[in-house]
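> Structure in structure tokens, see below.
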Amino acid sequence: MGVEHACAKLIARYANLNDAGDWAGVAALYAVDGRMARPTAPDDWITGRDAILAAFRARPARTTRHLCSNIVVDVLSSDSAVAESAMALFLPGEPPKLGGFYDRFVREDGKWLFAERRGFLSF
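Here it is as structure tokens:
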């Protein structure tokens, strides 16, 4: 599998696991020292796989559907890549939230993981 495909698949898997409420699965997609910033707080970094898992577990339960598109992956080296993608978040009874993610990937032990995931809202 090519780097671009592997990273695009990681983005899609993140959305699916998030919608399923599988927080351990979502956290496992990050490098141990990976970090994330939610689209609603793009400058508020949560660092480390354990802290990311704790942040997701602390959220109130909700039903969501994330749609990701316009995924463009740029390979930087055999072990690193970056991507930008568009995202639409649907919650029952609320207008959709539109934004996206800037991602940085790292390959560790042959597996692609998020080194950094920074969300943003467009409108």
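Quick note: the sequence shown uses full-length UniProt numbering, first residue 1, plus one each step. The beta-carbon is built from N, C-alpha and C at its ideal position, and this holds for glycine as well.
Can you tell which of 57, 116, 92 and 56 has its C-alpha closest to the C-alpha of residue 10?
For the residues 57, 116, 92 and 56, the minimum Cα distance to residue 10 belongs to 116.
> Would you decide whether residue 3 is buried or exposed? Buried here means 16 or more other CB atoms lie within 10 Å of its CB.
Buried, since its Cβ has 16 or more Cβ neighbours within 10 Å.
> Taking all protein chains shown into account, do 16 or more other C-beta atoms lie within 10 angstroms of the C-beta of residue 110, making it buried, or fewer, making it exposed?
Counting Cβ neighbours within 10 Å, residue 110 comes out exposed, since fewer than 16 surround it.
> Give the straight-line distance between the Cα atoms of residue 23 and residue 123, rounded to the nearest whole angstrom.
Answer to the nearest angstrom: the Cα atoms are 26 Å apart.
> In the DSSP output, which residue or residues are listed as bridge partners for residue 90?
Answer by DSSP bridge pairing, in chain order: 65.
> List in chain order: all unbroken alpha helix (DSSP H) runs of 4+ residues lying wholly within the UniProt domain "SnoaL-like" (5-118).
If we require 4 residues or more, the alpha helix (DSSP H) runs fully inside the UniProt domain "SnoaL-like" (5-118) come out as 23-27 and 49-57.
> Under 8 Å by Cβ, that's how I've got residue 101 and residue 85 pegged, so tell me the actual separation to the nearest angstrom.
Confirmed, Cβ separation roughly 5 Å.
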